[in-house]
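**Student:**
Residue numbers (the working numbering): 9 to 237.
Here is the structure:
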């Protein structure tokens with residue numbers, strides 16, 4: 009059976025290279041899978057979306073197909089540009105890093121659509137490794153202290169040296185974050201932020217604090233990495 013009637017519309021200035029087209033679409037799909045897997049592994053927060061993950065897989069294939077169409081027929085290229093001008097991308101990305109994933113998939117699709125297969129594969133691998141490195145090392149997070157210790161100091165403020173020496177034995181850095189006292193109130197409420205020498209010895213520190221004369225109402229709260237907006 010002759011299928012020339014089906015294929016004749018795809019002929020532009022030159023016959024299309026069907027094996028190269030299929031290879032490009034498959035590479036785009038595979039690269040999208042890699043980027044999506046990295047996203048699923050490294051994502052943290054409340055903005056996870058299954059549909060976004062699926063779009064990371066499909067987007068490179070669509071962009072690749074668009075690039076193949078645009079490079080083959082000038083008239084169709086103008087038609088596609090008009091369609092993209094009408095259809096607006098309404099999805100709001102909640103995480104700044106999500107934009108990076110979207111841009112990566114678009115560039116991969118452009119590379120495979122223009123038969124730059126090596127660039128697509130190497131670029132996908134390097135971006136995936138970079139994303140994994142940033143996730144594994146927690147790059148960019150700031151960890152300034154391990155625990156917050158609150159206590160009541162019944163002695164004179166001038167005698168805080170004894171308390172400071174105890175904290176120095178257990179921590180690399182001790183910062184007096186809050187000191188509250190007012191008229192008619194006996195003693196002072198203190199709040200320290202501590203970067204501990206051994207984060208597993210919090211209970212030892214608290215027990216030693218409770219044994220210091222003048223110290224009472226000792227409480228602690230483990231500190232999280234600084235929250236991000």
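Positions of the beta carbon are idealized from the N, C-alpha and C atoms, including for glycine.
So, helix, strand or coil for residue 77, using DSSP?
**Tutor:** Three-state result, residue 77: helix.
**Student:** Taking 9 Å as the threshold (C-beta atoms), are residue 157 and residue 217 in contact?
**Tutor:** Against a cut-off of 9 Å, the Cβ pair of residue 157 and residue 217 comes out as a contact.
**Student:** Residue 109 and residue 64 look like a contact to me (Cβ under 8 Å); what is the Cβ gap, rounded to whole Å?
**Tutor:** About 6 Å separates the two Cβ atoms, so the contact holds.
**Student:** Tell me which same chain residues have a C-beta within less than 8 Å of the C-beta of residue 50, skipping the five on either side of it?
**Tutor:** Excluding positions up to five away in sequence, the list reads 139, 140, 142 and 143.
**Student:** Here's the rule I'm using: 16 or more other beta-carbon atoms within 10 Å means buried, otherwise exposed. How should residue 76 be labelled?
**Tutor:** The residue in question, residue 76, is buried, as its Cβ has 16 or more Cβ neighbours within 10 Å.
**Student:** Just confirm the distance between the C-beta atoms of residue 36 and residue 59, as a whole number of angstroms; I'd bet it's less than 8 Å.
**Tutor:** Actually they do not touch by this definition, with Cβ atoms about 19 Å apart.
**Student:** Can you confirm whether the segment 222–229 touches the segment 162–179 when touching is taken to mean that 3 or more C-beta pairs between the two stretches lie within less than 8 Å?
**Tutor:** Yes, since at least three Cβ pairs between the segment 162–179 and the segment 222–229 fall closer than 8 Å, the two stretches touch.
**Student:** Under 7 Å Cβ to Cβ from residue 28, same chain only, skipping five residues before and after it: list those, please.
**Tutor:** For residue 28, where only same-chain residues beyond five positions count, the Cβ hits under 7 Å are 123.
**Student:** So, are the CB atoms of residue 195 and residue 162 less than 9 Å apart?
**Tutor:** Yes.
**Student:** Give me the Cα-Cα distance between residue 39 and residue 230, rounded to the nearest whole angstrom.
**Tutor:** Going by the C-alpha atoms only, they are around 41 Å apart.
**Student:** Taking 9 Å as the cut-off, decide whether the C-beta atoms of residue 198 and residue 186 are in contact.
**Tutor:** Yes.
**Student:** In whole angstroms, what separates the C-alpha of residue 214 from that of residue 226?
**Tutor:** So the alpha carbons of these two residues sit roughly 7 Å apart.
**Student:** Within the present structure, is the beta-carbon of residue 36 separated from the nearest heavy atom of the ligand GTP by less than 8 Å?
**Tutor:** The model on display carries no ligand, and the ligand GTP is accordingly not part of it.
**Student:** Just to check my reading of the structure: residue 119 and residue 128 have Cβ atoms closer than 8 Å, yes? What is that Cβ distance to the nearest angstrom?
**Tutor:** Confirmed, Cβ separation roughly 4 Å.
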